[in-house]
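What follows is one structure encoded as structure tokens, with my remarks underneath.
Residue numbers (my numbering): 323 to 383.
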């Protein structure tokens, strides 16, 4: 007769903490990249004149 194997494995609190910290680092990096890209797009768009903006379909109010 075969012994039943555990279908789940034990994750130590330390492993869980490290995993959560890495997840927080990844999320912070993704947030920074999104912020940087938005900032770069705003900077680029602010360098365009009204005619160029109209050409790409953006109108100032």
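Each residue gets a CB set at the ideal place from its N, CA and C atoms; glycine is no exception.
Just so it is clear, the structure is predicted and the values come from calculations on it, not from any experiment.
Open item on the list: According to DSSP, is residue 358 part of a helix, a strand, or is it coil?
Closed with: helix
Task: Distance, residue 352 Cα to residue 424 Cα - done: Any answer about residue 424 is impossible in this case: the structure gives the chain only from 323 up to 383.
Open item on the list: Closest to residue 368 by C-alpha separation, out of 357, 356 and 381, would be which residue?
Closed with: 381
- [ ] Give me the Cα-Cα distance between residue 332 and residue 338, rounded to the nearest whole angstrom.
- [x] 10 Å
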